[in-house]
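Step one of this worksheet: look at the structure below.
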Amino acid sequence: MKKLFPVTVLALASILLSAFSAAPAPAALEPSMGVRIVSDFNSDGSGKLSFEIDLSQEFMALLKSFGGNDADLTCDTFYESSYDDWEMTETNRDGALVCTAATSFEDLDEYENLIQGDFGSASFTRLEIEGGRFYYDLNPNITGSSAFGELNEGAGFTIEVFWILKMPGEVVDSNADEKAGQTLTWNILEMNSSAHIRAESKTGAALDPTLTILAVLGLLCCCGLVVAIAAVVLYLVLRKKNNPAAAAS
Numbered sequence: 052m053k054k055l056f057p058v059t060v061l062a063l064a065s066i067l068l069s070a071f072s073a074a075p076a077p078a079a080l081e082p083s084m085g086v087r088i089v090s091d092f093n094s095d096g097s098g099k100l101s102f103e104i105d106l107s108q109e110f111m112a113l114l115k116s117f118g119g120n121d122a123d124l125t126c127d128t129f130y131e132s133s134y135d136d137w138e139m140t141e142t143n144r145d146g147a148l149v150c151t152a153a154t155s156f157e158d159l160d161e162y163e164n165l166i167q168g169d170f171g172s173a174s175f176t177r178l179e180i181e182g183g184r185f186y187y188d189l190n191p192n193i194t195g196s197s198a199f200g201e202l203n204e205g206a207g208f209t210i211e212v213f214w215i216l217k218m219p220g221e222v223v224d225s226n227a228d229e230k231a232g233q234t235l236t237w238n239i240l241e242m243n244s245s246a247h248i249r250a251e252s253k254t255g256a257a258l259d260p261t262l263t264i265l266a267v268l269g270l271l272c273c274c275g276l277v278v279a280i281a282a283v284v285l286y287l288v289l290r291k292k293n294n295p296a297a298a299a300s
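Sequential numbering of the sequence shown, starting at 52, is according to this note's numbering.
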């Protein structure tokens with residue numbers, strides 16, 4: 052059975068909390084770990100889901116101090132074998148480590164299954180495309196957020212967790228903490244268990260068929276009116292031309 056992603060992160064946080072009493076003196080820069088859950092949607096409901104873990108150089112040094120400086124810390128350390136069927140990317144930069152696990156989904160049903168498979172307690176109130184609009188309403192219900200908050204307070208390191216939506220069109224409504232164009236970001240650590248992630252955007256999809264039919268009929272009516280007016284004008288011109296008395300006047 053696939054290991055739930057939040058459990059992986061919480062387990063790491065728990066290890067840090069239990070071992071922190073043996074931590075070395077603080078580094079010049081505070082160790083930090085950033086977690087991002089990114090959903091990138093297309094207008095037809097397909098898209099890409101990715102989980103990203105960003106560990107600073109100082110955070111990596113802190114982890115190695117618990118397991119020995121020769122500890123081999125790779126992305127497999129955090130993801131284990133849970134995401135073997137996902138596309139894995141590992142980036143090392145000056146001692147920092149960025150791990151990304153990504154997969155594609157064909158429609159919103161498949162996306163919902165992915166979310167509920169990795170966030171067992173998450174539940175959607177609304178997830179659909181209707182009338183040229185994309186609707187997203189999720190209660191992530193990620194337990195353990197309060198534990199993260201406790202870790203961040205005076206622990207000597209920082210953990211951030213963000214839920215990111217890349218919407219398929221112009222955003223018309225959301226309760227996001229940050230908005231940059233079509234990208235919306237929520238800070239999970241600022242949410243309680245009953246909070247919802249809500250967003251609505253345009254999709255750029257085709258118009259409702261009924262509206263399209265009405266528009267075509269309206270156009271035909273306009274064309275018919277133009278033709279009728281032209282016929283009347285032509286009739287009057289010809290009548291005047293064929294009537295000498297009318298022409299003389």
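By construction, the Cβ of each residue, glycine as well, lies at the ideal position given by its N, Cα and C atoms. Treat the numbers as computed from the prediction; the structure is a model and nothing was measured.
Own chain residues within Cβ distance below 7 Å of residue i, not counting five before or after
i, result
"TRP214", "ILE88, PRO191, TRP237, ILE239 and ILE248"
"LEU216", "SER90, TYR187, LEU235 and ALA250"
"LEU106", "MET84, ALA147 and LEU148"
"LYS253", "GLY183, ARG184, GLY220, GLU221 and VAL223"
"GLN108", "ASP145, GLY146 and ALA147"
"MET218", "PHE92, PHE185, GLN233, LEU235, ALA250 and SER252"
Counterpart residues of residue i in DSSP-defined beta bridges
i, result
"SER252", "PHE185 and VAL222"
"PHE92", "GLY98"
"GLY85", "ASP105 and GLU211"
"LEU216", "SER90 and LEU235"
"ASN389", "The structure shown has nothing for residue 389, since the chain only spans 52 to 300."
Residue environment, residue i, which counts as buried when at least 16 other CB atoms sit within 10 Å
i, result
"ALA227", "buried"
"ASP135", "exposed"
"ALA231", "exposed"
"LEU124", "exposed"
Residue i versus residue j - alpha carbon distance
i, j, result
"PHE117", "PHE129", "15 Å"
"SER97", "VAL212", "24 Å"
"ILE104", "GLU229", "20 Å"
"THR154", "TRP137", "5 Å"
"ARG177", "PHE110", "38 Å"
"VAL86", "ASP160", "25 Å"
"PHE170", "ALA246", "15 Å"
"ASN115", "GLU241", "The sequence shown places Lys at residue 115, rather than the Asn named in the question. One C-alpha to the other measures close to 29 Å."
"PHE175", "GLN167", "9 Å"
"ASN143", "PHE102", "17 Å"
Option nearest residue i by Cα separation, candidates the options
i, options, result
"LEU100", "LEU165, VAL212 and LEU114", "LEU165"
"GLU181", "TYR162, ASP95 and SER225", "ASP95"
"ASN243", "ARG144, LEU189 and GLU157", "LEU189"
"ASP158", "PHE175, ALA173, GLU179 and ALA246", "GLU179"
Neighbourhood of residue i by C-beta, 8 Å cutoff - its chain only, sequence neighbours within 5 removed
i, result
"THR209", "GLU81, PRO82, SER83, MET84 and ASN203"
"PHE156", "SER97, GLY98, LYS99, LEU100, TYR162 and LEU165"
Chain-order list of residues whose beta-carbon lies under 6 Å from that of residue i (same chain, five-residue window excluded)
i, result
"CYS26", "Here the chain has residues from 52 to 300 only, and residue 26 is not among them."
"MET139", "ALA152"
"SER172", "ASN192"
Closer than 7 Å to chain B by CB, residue i
i, result
"PHE102", "In the displayed structure, chain B is absent; only one protein chain is listed."
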